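A.B. asks:
Numbering (this note's numbering), first residue to last: 1215 to 1456.
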């Protein structure tokens, strides 16, 4: 997720390396894009038979207008395009000619004339404070496909932080249905990786949010207990269909 490192690691200084660079809003992004292209060239030079696949993984969001029919919809769309241009589009355009794009998606984000808009009151939320919006996966896949130049898509992260495993199954079922719709429309989605196998350490949120298909006890003897969602998703994988 170079776009997340550029934003939260360098521009805002929240994530590692925690260097807030106010001299240039785009320096880290431009360096990541250049590094990616140089890396692809080096890998392909070392593996001219294309045995090694090259690509990039991006954290993507389903950006939507808060009020698409409102009097300031044009201004809101301009804001949306500005947000998306530096956080996603510049990387997607740099991926053209790669072997794949890894799409990592969890929710949507609403945008108004002044920028990002708060999640609507009463919206269903996950443990991370994201809006429950599994439909985001198809929107981001379609955008990656379009801007990336129709190269194969791999969903390299998708899931939900929830203590209710039935909600995990509901979310994943809907996400897989959305992906199936993309495939029916001719988009090459070559893989889906659920986040996550185990309940994990989630950045500044610690072990609070539970994304795993398997519960991980953090105390000896560190018992790992598969949740019903693990069997459910495993059955889909074995059958190769929903």
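By construction, the Cβ of each residue, glycine as well, lies at the ideal position given by its N, Cα and C atoms.
Quick caveat, the model's predicted, so the values are computed rather than measured.
#1: Using 8 Å for Cβ pairs, my map puts residue 1315 next to residue 1362. What's the rounded Cβ distance?
#2: Going by beta-carbon coordinates alone, are residue 1268 and residue 1247 separated by less than 7 Å?
#3: From 1333, 1357, 1342, 1250, pick the residue whose C-alpha is nearest to that of residue 1295; which is it?
#4: Exposed or buried, what is residue 1312 when buried is set at 16 or more other beta-carbons lying within 10 Å of its beta-carbon?
#5: Return the first residue and the last residue of the alpha helix (DSSP H) that residue 1445 is part of.
#6: Please report the straight-line C-alpha distance between residue 1394 and residue 1306, rounded to a whole angstrom.
#7: Return the Cβ separation of residue 1329 and residue 1280 in integer angstroms, given the expectation that the two are a contact with Cβ distance under 8 Å.
#8: Helix or strand or just coil, what does DSSP make of residue 1337?
#9: In terms of DSSP beta bridges, what is residue 1535 paired with?
#10: According to the Cβ coordinates, are residue 1369 and residue 1428 closer than 7 Å?
#11: Mapping DSSP to helix, strand and coil, what is residue 1299?
#12: Who are residue 1410's beta bridge partners in DSSP?
#13: In angstroms, rounded to a whole number, what distance separates the CA positions of residue 1377 and residue 1424?
#14: Take residue 1405 and list the residues in its own chain whose beta-carbon comes closer than 6 Å to its own, dropping the five residues that flank it on each side.
#15: Determine the direct distance from the alpha carbon of residue 1433 to that of residue 1364, and round the result to whole angstroms.
#16: Do residue 1412 and residue 1422 have their C-beta atoms within less than 7 Å of each other?
C.D. replies: Taking the definition as stated:
#1: Working through the chain shown from its first residue, we reach residue 1315 at position 101. Working through the chain shown from its first residue, we reach residue 1362 at position 148. Rounded, the Cβ-Cβ distance is 5 Å, consistent with contact.
#2: Counting from one through the chain shown, the residue named residue 1268 turns up at place 54. Counting from one through the chain shown, the residue named residue 1247 turns up at place 33. No, the pair does not count as a contact, with Cβ atoms beyond the cut-off.
#3: Here residue 1295 refers to the residue found at position 81 when the chain shown is read from its first residue. Per the Cα distances, 1357.
#4: On the chain shown, residue 1312 is found 98 positions in, with the first residue counted as 1. Classification for residue 1312: buried.
#5: For the purposes of this step, residue 1445 is taken as residue 231 along the chain shown, with counting starting at 1. Its alpha helix (DSSP H) spans residues 1442 to 1453.
#6: In the chain shown, residue 1394 corresponds to position 180, counting from 1. In the chain shown, residue 1306 corresponds to position 92, counting from 1. Between the alpha carbons of residue 1394 and residue 1306 lies a distance of about 22 Å.
#7: Taking the first residue of the chain shown as position 1, residue 1329 is located at position 115. Taking the first residue of the chain shown as position 1, residue 1280 is located at position 66. At roughly 10 Å, the Cβ-Cβ gap does not stay under 8 Å, so residue 1329 and residue 1280 are not in contact.
#8: Here the question's residue 1337 lines up with position 123 in the chain shown. Reduced to three states, the DSSP call for residue 1337 is coil.
#9: One cannot answer for residue 1535 here, as it falls past the ends of the chain, which runs 1215 to 1456.
#10: Numbered from its first residue, the chain shown carries residue 1369 at position 155. Numbered from its first residue, the chain shown carries residue 1428 at position 214. Taking 7 Å as the Cβ cut-off, residue 1369 and residue 1428 do not qualify as a contacting pair.
#11: Numbered from 1 along the chain shown, position 85 holds the residue referred to as residue 1299. Reduced to three states, the DSSP call for residue 1299 is helix.
#12: Here residue 1410 refers to the residue found at position 196 when the chain shown is read from its first residue. Residue 1410 is bridged by DSSP to nothing; it lacks a bridge partner.
#13: On the chain shown, residue 1377 is found 163 positions in, with the first residue counted as 1. On the chain shown, residue 1424 is found 210 positions in, with the first residue counted as 1. Taking the straight line from one Cα to the other gives about 6 Å.
#14: Along the chain shown, one-based indexing puts residue 1405 at 191. Correct list, in chain order: 1368.
#15: Position 150 of the chain shown holds residue 1364. Position 219 of the chain shown holds residue 1433. About 46 Å.
#16: The residue you call residue 1412 lines up with position 198 of the chain shown. The residue you call residue 1422 lines up with position 208 of the chain shown. No.
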